[in-house]
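J.: Per my numbering, residue 81 is the first one in the sequence shown, and the count goes up by one each step.
All C-beta atoms, glycine included, are put in the ideal place defined by N, C-alpha and C.
Keep in mind that this is a model prediction, so the values were computed, not measured.
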Amino acid sequence: MTAKTDIGFTTRDRIYVRGRDLADEILGKMDFVDMIYFTATGKEPDARTRAMTNAIIVTATDHGLTPSAIAARMTILGAPESLQGAVAAGLLGAGNHFLGTMQNAAAFTRDEIGELSDSDDDAAYAARAQEAVRAFRAARRIVPGLGHPIHVDGDPRTPVLRRIAGENGFDGRHWRFMAAVEAAAREEYGRLLPINAAGAVGATVSDMGLAPIWARAFALIGRSAGLLAHLMEELENPQGQKIWDMILEQDDSAECAGIADPDRADSTGEQK
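#1: Could you say which of Asp235, Ile301 and Gly302 lies nearest to leucine 273 if we only look at CA atoms?
#2: Output needed for phenylalanine 298: all residues of its chain with C-beta closer than 6 Å, excluding positions within five of it in sequence on either side, in chain order.
#3: With a Cβ-Cβ cutoff of 9 Å, do alanine 209 and phenylalanine 178 count as a contact?
#4: DSSP puts aspartate 101 in a beta bridge; with which residues?
#5: Taking all protein chains shown into account, decide if serine 286 is buried (16 or more other Cβ within 10 angstroms of its Cβ) or exposed.
#6: Establish whether the CB of alanine 219 and some CB of chain D are separated by less than 9 Å.
#7: When you compare only the Cα positions, how much space is there between aspartate 200 and proline 125?
#8: Report the partner residues of glycine 175 according to the DSSP bridge assignment.
#9: According to the Cβ coordinates, are glutamine 183 and isoleucine 293 closer than 9 Å?
#10: Would arginine 94 and alanine 103 be called neighbours here (beta carbons separated by less than 9 Å)?
#11: Under 6 Å Cβ to Cβ from proline 147, same chain only, skipping five residues before and after it: list those, please.
#12: Can glycine 320 and glutamate 329 be called in contact, C-beta distance under 9 Å?
#13: Can you round the beta-carbon distance between phenylalanine 250 and glycine 225 to whole angstroms, since I take them to be within the 8 Å contact cut?
#14: Buried or exposed: which applies to glycine 279, given that a residue is buried once 16 or more other Cβ atoms fall within 10 Å of its Cβ?
#15: Hey, could you find the ends of the beta strand (DSSP E) phenylalanine 89 is sitting in?
#16: DSSP beta-bridge partners for isoleucine 230?
#17: Taking alanine 151 and alanine 169 to be in contact with their CB atoms under 8 Å, please state how far apart those CB atoms are, rounded to whole angstroms.
#18: Classify phenylalanine 216 as buried or exposed, calling it buried when 16 or more other Cβ atoms lie within 10 Å of its own Cβ.
#19: Among Val113, Val261, Thr284 and Ala131, which one has its Cα closest to the Cα of aspartate 202?
#20: Residues in the same chain with beta-carbon distance under 7 Å from alanine 337, minus the five sequence neighbours each way, listed in chain order, please.
#21: How would you call methionine 81, buried or exposed, if buried means at least 16 neighbouring beta carbons within 10 angstroms?
#22: How many angstroms separate the CA atom of alanine 186 from the CA atom of leucine 290?
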């Protein structure tokens, strides 16, 4: 029995990735986005795909003290020796409510667009979008890629992402459909539910011809860098302990009132 991968292998003298010598044919010749595509597909991206992917990864890198950043900071508070564990903790929360929503939006545009083509007029897009929105509302499901708890008047990232998508030839039928969905939702719900960054990335990924899972993959790659930044800052400006102290201050039980955390150790390893 053998176990092997087509991605790469190592000999005594060489390392190969997708058939190319890592030292002689890849290092210094490919950037990180090139390597992402090359390792995953065996092909290098063209200039348009590279530029769009860079924009998507940058979009996902950081949004402040989000649940993923808080999870990472709290993990490093308890395990300061585990940088990798803290990053992993932050990424584990990339699900259907946070960060992983980009994949949901991509799947939504791909699955709900139906038979619409580039040659169909705006009325056809509007009718299909209305059907989709009404179906989601009837099922009491959130329409992926719409709305934002803070950017209620419009997500500032969305028009920029669409501009970059247009500049690179990825502002196609999925973007048209997503814009029609925004309009249909406004009519159906009686208020603006703007296309958010997840919807923008989802439409773009679909117009790039990539499977929806790529949207989540790009989000995870970008957020890994963002989490590392939070953990580096945690060394200089700790927030994890402040968050934990806030929780303790809100707990008025007799056991916690005025008592330090019994599981917390100081730098010498002694319990406080």
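T.: On the basis of the coordinates in this document:
#1: A check of alpha carbon separations from leucine 273 across Asp235, Ile301 and Gly302 identifies Asp235 as the nearest.
#2: Contacts found: Ile136 and Ile137.
#3: Between alanine 209 and phenylalanine 178, the C-beta spacing is not below 9 Å.
#4: According to DSSP, aspartate 101 bridges with Tyr96.
#5: Result: buried.
#6: Considering every chain present, this structure includes no chain D. It has just one protein chain.
#7: Cα to Cα, aspartate 200 sits roughly 30 Å from proline 125.
#8: Looking at the DSSP assignment, glycine 175 forms a beta bridge with Leu179.
#9: Taking a C-beta distance under 9 Å as the contact criterion, glutamine 183 and isoleucine 293 qualify as a contact pair.
#10: In contact: arginine 94 and alanine 103 (Cβ atoms closer than 9 Å).
#11: The residues are Gly173 and Phe178.
#12: With contacts defined as CB atoms closer than 9 Å, glycine 320 and glutamate 329 fail to qualify as a contacting pair.
#13: With a Cβ gap of about 16 Å, phenylalanine 250 and glycine 225 do not count as contacting.
#14: Burial state of glycine 279 is buried, judged by a 10 Å Cβ sphere holding 16 or more other Cβ atoms.
#15: Phenylalanine 89 -> beta strand (DSSP E) spans 88-90.
#16: Per DSSP, none; premise fails for isoleucine 230.
#17: Indeed they touch by this definition, with Cβ atoms about 5 Å apart.
#18: Buried, because 16 or more other Cβ atoms sit within 10 Å of the Cβ of phenylalanine 216.
#19: Of all alpha-carbon atoms in Val113, Val261, Thr284 and Ala131, the one lying nearest the alpha-carbon of aspartate 202 is that of Val261.
#20: With a pLDDT of 46 at alanine 337, under the threshold of 50, the modelled position of that residue is not reliable, and the figure given next carries that caveat. Within the same chain, alanine 337 has no close Cβ partners at all.
#21: Per the 10 Å Cβ criterion, exposed.
#22: Rounded to whole angstroms, alanine 186 to leucine 290 spans 9 Å at the Cα level.
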